[in-house]
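Working notes, beginning with the structure itself.
There are 4 protein chains.
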Amino acid sequence: MPKHEIAPRLDAEAVNALLKTVYPQLNDTHAAYRALEIHPGGCTVRLDADERHLRPGDTVSGPSLFTLADIGGYVLALSHAEPDALAVTTNLSINFMRKAAAGPLDGHCRILKMGKALMVFDIDIVPAGGGDTIAHATGTYSLPPRRR
Amino acid sequence: MPKHEIAPRLDAEAVNALLKTVYPQLNDTHAAYRALEIHPGGCTVRLDADERHLRPGDTVSGPSLFTLADIGGYVLALSHAEPDALAVTTNLSINFMRKAAAGPLDGHCRILKMGKALMVFDIDIVPAGGGDTIAHATGTYSLPPRRR
Amino acid sequence: MPKHEIAPRLDAEAVNALLKTVYPQLNDTHAAYRALEIHPGGCTVRLDADERHLRPGDTVSGPSLFTLADIGGYVLALSHAEPDALAVTTNLSINFMRKAAAGPLDGHCRILKMGKALMVFDIDIVPAGGGDTIAHATGTYSLPPRRR
Amino acid sequence: MPKHEIAPRLDAEAVNALLKTVYPQLNDTHAAYRALEIHPGGCTVRLDADERHLRPGDTVSGPSLFTLADIGGYVLALSHAEPDALAVTTNLSINFMRKAAAGPLDGHCRILKMGKALMVFDIDIVPAGGGDTIAHATGTYSLPPRRR
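Residue numbers (my numbering), protein chains in the order written: chain A, 353 to 500; chain B, 353 to 500; chain C, 353 to 500; chain D, 353 to 500.
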């Protein structure tokens, strides 16, 4: 996707503030998730994984990684399409490649297509300090009709 | 899958007890999830969705439905393969079809393939009282080598 | 999906005639694919797999099974939404479970959601005579706006 | 995936020769598909799409793009794991983003994980001359046990 064609309307700080308003879990069970930075056609989201996010084997759980992927798509929709809380995931396919220990994980997201009704994106989840891919997901968000 | 070929080794009560031992979140953030019944080649898992599981629009969130799907696969692996906590999801693809309000949701799971190293399953998530499919997922669990 | 809510507008014979008109490959490389029967909320499609559809190991190839799944969704869209050739697949996720030898394969398809703009479906591919699932897929078709 | 960790054992010419030996369709219905180049941790595969690969609307068909993705994974398995024809796809999830006209299409593939039994990869399919992503897929290949 040519990056200049699709400029974000909100930065990470504005998106995080919006998320906290509309998404009560982000103040509670999801407090560990946030937008780190937003750029044309993509963004990075972070999970500061602690004990709550682990599963047997002391590895970050599938649902925690799914949540990071889903929030990555939501941040892309809020920042690049419309700052409207009503975008919804229509599908998400995730592959788990490696175990991740507790600690910061970064999800590098890119918009594969921004249509009128649908946005397709993918995300590479890696340890914040760098390293092999832990999980990779592709998803589709349904965008609400523009309000006037 | 011919149902008689693959008999469960554990019932719902035994699996729920095992889950609580090995999966601390099931006593805490995931307390609303449990196995409802287990039969040859399949099982039903339930989410009693409350406010914690909602997203903007007062609908059960994608991560909550993903968690139900993932637990469905885990229950199948524990009951039909090996009561070993170390089975891990390798991929999961989920489609979200309809909004679900707070309340009980049932995930009807079936084993599509039980191999030596991998188990493939799918799940239909519907309102507990019956109704249209809310979400459908297909996933693969990697099974640990049998212990002796 | 309550079956009575969504009645097909075309039967298998009419769909096969339409497919041959709009889809030239179905007279040529895809001649082995056809609709077998259509019922409210679902259909069965068949692949008569011969040597052209095999891959190393003398098993029906992944692309051949994908094509059957894709045609299954197309038959559902043509028969249940609009007999309009311009419905297009937006995504398809397929799991390959078992090898299939040359011979007839049936794909049992069901509509998981018929929306205004999107149709979600799944398909179980089994040997025509019955037996274990060979492949399972879930897909989404984008439906063209209704013409007048 | 750190590129230096995983060096290919075969180049594009050797893989194409191997494909023609073991995969009869590549001399016939699949003659338009080939490996273009192979590098550590990835490869590029090409489809020279002509009339045979089009669907209604004169756009390259879903099965043709799926086949390119599947061949991309096969080329990665042959070149990076074992030059053994018996690697098989276990699942593949593909998103179709834009229409593609007849002409050359390139699939840029990367290995997300090379395990002992499974290889996970993804592929971006773009027009050969450059441009927006036409389709994106993620897949898993099951690798045969090493022969001696």
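Think of the CB as a built atom: it goes at the ideal place given N, C-alpha and C, for glycine as much as any other residue.
For the beta strand (DSSP E) holding alanine 375/D, just list the boundary residues, first then last. As a first step, residue 375/D must be located in the fourth sequence, where it is residue number 23. The amino acid occupying residue 375/D in the given sequence is tyrosine; alanine does not appear at that position. Where tyrosine 375/D is concerned, there is no enclosing beta strand (DSSP E), given that its DSSP letter is neither H nor E.
Indicate the three-state DSSP secondary structure (helix, strand or coil) for glutamate 365/C in the structure shown. Numbered from 1 along the third sequence, position 13 holds the residue referred to as residue 365/C. Helix at glutamate 365/C.
Does DSSP put proline 496/C in a helix, in a strand, or in coil? Within the third sequence, the letter at position 144 stands for residue 496/C. The answer is coil: DSSP assigns proline 496/C none of H, G, I, E or B.
Can you pull out the residues from the region 460-471 of chain D whose beta carbon lies closer than 9 Å to at least one beta carbon of chain B? Ala469 and Leu470
Threonine 490/B and threonine 490/C - do their beta-carbons sit closer together than 8 Å? As a working note, residue 490/C is residue 138 in the third sequence. As a working note, residue 490/B is residue 138 in the second sequence. Cβ atoms of threonine 490/C and threonine 490/B: closer than 8 Å.
Helix, strand or coil, according to DSSP, for histidine 391/D in the structure here? Taking the fourth sequence and counting its residues from 1, one reaches residue 391/D at position 39. If DSSP states are grouped into helix, strand and coil, histidine 391/D belongs with the strands.
Could you give the DSSP three-state label for serine 431/B: helix, strand or coil? For this step, residue 431/B is matched to residue 79 along the second sequence. Correct three-state label for serine 431/B: helix.
Could you give the DSSP three-state label for glycine 409/A: helix, strand or coil? Indexing the first sequence from 1 puts residue 409/A at position 57. Note: glycine 409/A maps to coil in three-state DSSP.
Backbone secondary structure at glycine 414/B - three-state DSSP: Reading the second sequence from its first residue, position 62 is the one you call residue 414/B. In the structure shown, glycine 414/B sits in a helix (DSSP, three-state: H, G or I).
Which residues in the same chain as leucine 470/D place their Cβ atom closer than 8 Å to its Cβ, once the five residues preceding and following it in sequence are excluded? Numbered from 1 along the fourth sequence, position 118 holds the residue referred to as residue 470/D. Thr442, Thr492, Tyr493, Ser494 and Leu495.
Does the beta carbon of aspartate 474/C come closer than 8 Å to any beta carbon on chain B? Looking up residue 474/C in the third sequence gives position 122. Taking Cβ atoms only, chain B reaches closer than 8 Å to aspartate 474/C, which makes this a yes.
Closest to leucine 417/D by CA distance: which of Leu444/D, Arg361/D and Leu464/D is it? By one-based count along the fourth sequence, residue 417/D stands at place 65. Ranking the options by Cα distance to leucine 417/D, first place goes to Leu444/D.
Helix or strand or just coil, what does DSSP make of leucine 457/C? As a first step, residue 457/C must be located in the third sequence, where it is residue number 105. Correct three-state label for leucine 457/C: strand.
Name, please, each residue of chain E whose Cβ falls closer than 8 Å to the Cβ of serine 445/D. Absent from the structure: chain E. Protein chains present are A, B, C and D.
Using a Cβ cut-off of 8 Å (strictly closer), state whether threonine 492/B contacts chain D. Residue numbering aside, residue 492/B sits at position 140 when the second sequence is read from its first letter. Yes, contact with chain D.
Kindly list, in the order they appear in chain A, the residues whose Cβ is closer than 8 Å to that of histidine 488/D. Along the fourth sequence, read from residue 1 onward, the residue named residue 488/D stands at position 136. Residues of chain A passing the Cβ test: Leu464, Val472, Asp474 and Thr490.
Report yes or no: do three or more beta-carbon pairs, one from the region 455-463 of chain D and one from the region 393-402 of chain D, lie closer than 8 Å? yes
Alpha carbon to alpha carbon, how far is arginine 361/A from arginine 386/A? Give it in angstroms, no decimals. Mapped onto the first sequence, residue 386/A falls at position 34. Mapped onto the first sequence, residue 361/A falls at position 9. Cα to Cα, the separation comes out at about 17 Å.
Is there at least one Cβ from chain B nearer than 8 Å to threonine 411/C's Cβ? The count along the third sequence starts at 1 and reaches residue 411/C at position 59. No, no contact with chain B.
In the DSSP output, which residue or residues are listed as bridge partners for methionine 449/C? Locating residue 449/C in the third sequence gives position 97, where the first residue counts as 1. According to DSSP, which records beta bridges pairwise, methionine 449/C is partnered with nothing at all.
Along chain C, in chain order, which residues have C-beta atoms closer than 7 Å to that of tyrosine 375/D? As a position in the fourth sequence, residue 375/D is number 23, starting the count at 1. Those within 7 Å of tyrosine 375/D in chain C are Arg407 and Pro408.
Can you check whether the C-beta of alanine 437/A is within less than 8 Å of a C-beta belonging to chain B? Against the first sequence, residue 437/A aligns to sequence position 85. With 8 Å as the cut-off, alanine 437/A counts as an interface residue toward chain B.
Spatial distance of leucine 388/C from phenylalanine 473/B (CA atoms): Position 36 of the third sequence, counted from the first residue, corresponds to residue 388/C. Position 121 of the second sequence, counted from the first residue, corresponds to residue 473/B. Looking at the two C-alpha atoms, the distance is approximately 26 Å.
Taking buried to mean at least 16 other C-beta atoms within 10 Å of its own C-beta, is aspartate 476/B buried or exposed? Residue numbering aside, residue 476/B sits at position 124 when the second sequence is read from its first letter. With 16 or more other Cβ atoms within 10 Å, it is buried.
Establish whether the CB of proline 479/C and some CB of chain D are separated by less than 8 Å. Position 127 of the third sequence, counted from the start, is the residue given in the question as residue 479/C. No, no contact with chain D.
Scan the region 415-427 of chain B for residues whose Cβ lies nearer than 7 Å to a Cβ of chain A and list them as they occur along the chain. Pro415, Phe418, Thr419 and Asp422
Tell me where the beta strand (DSSP E) around isoleucine 475/C begins and ends. Within the third sequence, residue 475/C is the residue found at index 123, counting from 1. It spans 470-479 - the beta strand (DSSP E) in which isoleucine 475/C sits, taken as one unbroken run.
Measuring straight from C-alpha to C-alpha, what distance separates threonine 411/A and glycine 481/A? One-based indexing of the first sequence puts residue 411/A at position 59. One-based indexing of the first sequence puts residue 481/A at position 129. Looking at the two C-alpha atoms, the distance is approximately 17 Å.
Helix, strand or coil, according to DSSP, for aspartate 400/B in the structure here? By one-based count along the second sequence, residue 400/B stands at place 48. Aspartate 400/B falls in the strand class under three-state DSSP.
Here's a check: name, in chain order, each residue in its chain whose Cβ is nearer than 7 Å to the Cβ of arginine 500/D, leaving out the five neighbours to either side. As a working note, residue 500/D is residue 148 in the fourth sequence. Confidence at arginine 500/D is low in this model, with a pLDDT of 40, below 50, so its placement is unreliable and the value that follows should be read with caution. For arginine 500/D, where only same-chain residues beyond five positions count, there are no Cβ hits under 7 Å.
Quick one: measure Cβ to Cβ for glutamate 403/D and alanine 453/D, integer angstroms, because I've assumed they're closer than 8 Å. Indexing the fourth sequence from 1 puts residue 403/D at position 51. Indexing the fourth sequence from 1 puts residue 453/D at position 101. So it is not a contact: roughly 11 Å between Cβ atoms.
Exposure of leucine 484/B, with buried meaning 16 or more beta-carbon neighbours within 10 Å: Working through the second sequence from its first residue, we reach residue 484/B at position 132. According to the sequence shown, residue 484/B is aspartate rather than leucine. Burial call: exposed.
In angstroms, rounded to a whole number, what distance separates the CA positions of glycine 424/B and glycine 414/C? To locate residue 424/B, count along the second sequence from 1; it is residue 72. To locate residue 414/C, count along the third sequence from 1; it is residue 62. Spanning the two alpha carbons is a distance of roughly 27 Å.
Could you give the DSSP three-state label for leucine 438/B: helix, strand or coil? Within the second sequence, residue 438/B is the residue found at index 86, counting from 1. DSSP places leucine 438/B in coil when its eight states are reduced to three.
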